[in-house]
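Report on the following structure.
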Amino acid sequence: MISRGCEKIIGLCYIGMFEKREVAKAAHPARSWMQFWGRFALMREASLRVSEIKEETMQGVATAGLVRKIKSVSLAAIFTAGLAWPAGAQSVADLAKLSGPDRMQKLIDGAKKEGTLTLYTSQTPEDVAVIISTFEQKYGVKVRLWRGSSEDILQRSVVENRAKRFEADVYETNGPEMEALARENLLQPIESPVFADLIPEAVAPKNWIGTRLNIITGAINTNLVKKEDAPKSYEDLKDPKWKGKLGIEAGDADWFATVVTAMGEEKGLQLFKDIVAKNGISIRKGHTLLANLVTSGEIPVSLTVYLYKANQFKTKGAPIDSFVLPPAVGRVNGVGVAAQSPHPHAAILFFDFLLSDSQKILAEREFFPTNKKYLQLPEGLNLKLVDSALMLDQGKKWDKLYQDIVLRQSR
0 MISRGCEKII GLCYIGMFEK REVAKAAHPA RSWMQFWGRF ALMREASLRV SEIKEETMQG
60 VATAGLVRKI KSVSLAAIFT AGLAWPAGAQ SVADLAKLSG PDRMQKLIDG AKKEGTLTLY
120 TSQTPEDVAV IISTFEQKYG VKVRLWRGSS EDILQRSVVE NRAKRFEADV YETNGPEMEA
180 LARENLLQPI ESPVFADLIP EAVAPKNWIG TRLNIITGAI NTNLVKKEDA PKSYEDLKDP
240 KWKGKLGIEA GDADWFATVV TAMGEEKGLQ LFKDIVAKNG ISIRKGHTLL ANLVTSGEIP
300 VSLTVYLYKA NQFKTKGAPI DSFVLPPAVG RVNGVGVAAQ SPHPHAAILF FDFLLSDSQK
360 ILAEREFFPT NKKYLQLPEG LNLKLVDSAL MLDQGKKWDK LYQDIVLRQS R
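In structure tokens, the structure reads:
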């Protein structure tokens, strides 16, 4: 299997070659590649060359050599296989507004004929595995999984779309990345009766729908810090007793923006400068990793872990407990159907499943689902949700501030 790093290289090469081909076609409309090669020869060439790439990659060929191999593959050969839509088949746009009492049965019948779907998600493997297994058992439709960070999902999806490779059927990841996919016109808005059971914030985005709330809170190792001694406010973090004990996640610029804005931008930025200057903050990539480091005692106090993960570990007997520094920040994670879904019935069926049956599974696994039947927020929680659209618009500003104030100055 080609490594993730190589996949990115391949994707970038696809983009570059695709854009060059489009420029050439604009300059010489008559020189269409379909006039020069037959479909069978192209697909055979692609198959042989990609197989060579995979084989040589597994044997440790240098990246530069791999790029040269990729550039030699006929671009048309790669694209041809995914462009044709079966005659008479329904697209996801055709099914998006499907309604009526037989809606679900039509989706089930169509999904079983399609037989499979591909899900791109950033959800943790152990959690998404339960959801997929339940769906497959209920409907007999296989789910092919590709998992990565929310940033990886966005990057891969944009690369594939520009290269006219339509593999994903459903996307499930963080709100800002879902919003970015929508703005790239990669999502098909879906109408579904399950929306009536969701909180208003979940259906607000329109092109994608919220599946769960990732609530970001602090966490302590209870062997090293007593619950009653945990910080009560961000001002408390300036106390010298926390020197060398604090941790934070490297990608939480949206959390940082939400907290600082709630404090008042000038005051909030200065406060974090003071905290970092006085006590330092250890940087880690990955909220699950950070929660594990709290349980191990390597990081006694984390400012940003997912509440559901802290609760999962605590339920299993790990020495971890959460604490809230107001305001608690919540991210809306969402689901969307790919605008070019190759398995549209299965895609919409799985979309509905994530917003209905799966919501109970999420609740049982300590998540905070957006279905009103199962959402139970901690009593008295002052929750402020990240504005996904605003973060997408102002992301560069807050990424830079988070880098300059927290990440680069921390120790």
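FYI, in numbering that gives the first Met the number 0 the residues of the sequence shown are 0 to 410. For every residue, glycine included, the Cβ atom is placed at its ideal position computed from N, Cα and C. Every value quoted in this text rests on a predicted model; they were computed, and no experiment measured them.
Residue i vs residue j beta-carbon contact at 8 Å
i    : j    : result
A179 : L212 : no
H412 : L116 : Past the boundaries of the shown model lies residue 412; the chain is included only from 0 to 410, so the question cannot be answered.
L245 : V300 : yes
W207 : G335 : yes
K284 : A249 : yes
N173 : S149 : yes
A345 : A110 : yes
I247 : G329 : no
S121 : R161 : no
F352 : Y307 : no
T133 : N220 : no
T257 : S321 : no
V331 : E200 : yes
A309 : N381 : no
K242 : N278 : yes
V158 : I360 : no
K371 : D93  : no
P188 : S387 : no
L223 : P230 : no
I319 : A252 : no
L186 : A338 : yes
L106 : V169 : no
Residues that residue i bridges to, as DSSP identifies them
i    : result
Y170 : Y119, G335
K141 : T115
L212 : V331, F367
Q187 : V336
S321 : A218
Under the three-state DSSP convention, the category residue i falls into
i    : result
Q402 : helix
L197 : strand
V385 : coil
R283 : strand
Q393 : helix
L302 : strand
R146 : strand
N291 : helix
L97  : coil
G217 : strand
L245 : strand
R182 : helix
I360 : helix
G267 : helix
G109 : helix
W411 : This structure does not reach residue 411, given that the chain is present from 0 up to 410, and the question cannot be answered.
F349 : helix
F165 : coil
Y373 : coil
V91  : helix
E378 : coil
Q408 : coil
G175 : Here residue 175 is Pro; the residue named in the question, Gly, does not match the sequence. Helix.
S156 : helix
I9   : Confidence at I9 is low in this model, with a pLDDT of 41, below 50, so the placement of that residue is unreliable and no value is reported for it.
A229 : coil
Residue i burial status per 10 Å Cβ neighbour count (16 or more: buried)
i    : result
R407 : exposed
T314 : exposed
I404 : buried
G296 : exposed
K395 : exposed
Q311 : buried
L376 : exposed
P368 : buried
R182 : exposed
A61  : Reliability fails at A61, whose pLDDT of 34 lies under 50, so the model's placement of it is uncertain and no value is given.
A83  : Confidence is the limiting factor: at A83 the pLDDT is only 43, short of 50, which leaves the residue's position unreliable and the question unanswerable from this model.
A76  : Caution is warranted here: a pLDDT of 37 is assigned to A76, below 50, making its placement in the model unreliable, and the coordinate value is therefore given only provisionally. Classification of A76: buried, given that the 10 Å Cβ count is 16 or more.
A23  : Reliability of the predicted coordinates at A23 is poor, the pLDDT of 35 falling under 50, and the value obtained from them is presented with this limitation in mind. With fewer than 16 Cβ atoms within 10 Å of its Cβ, A23 is classed as exposed.
L144 : exposed
D238 : exposed
S232 : exposed
V72  : Low local confidence applies: a pLDDT of 36 at V72 is under 50, so the model's placement there is unreliable, and no value is given.
E176 : buried
S98  : exposed
E171 : buried
Beta carbon proximity, residue i to chain D, threshold 8 Å
i    : result
A309 : In the structure shown, chain D does not exist; there is a single protein chain.
**Asked** Can we say the region 262 to 277 touches the region 188 to 206, given the rule of at least three CB pairs closer than 8 Å?
**Response** no
**Prompt:** Is the region 92 to 112 touching the region 129 to 142, taking contact as three or more C-beta pairs under 8 Å?
**Reply:** yes
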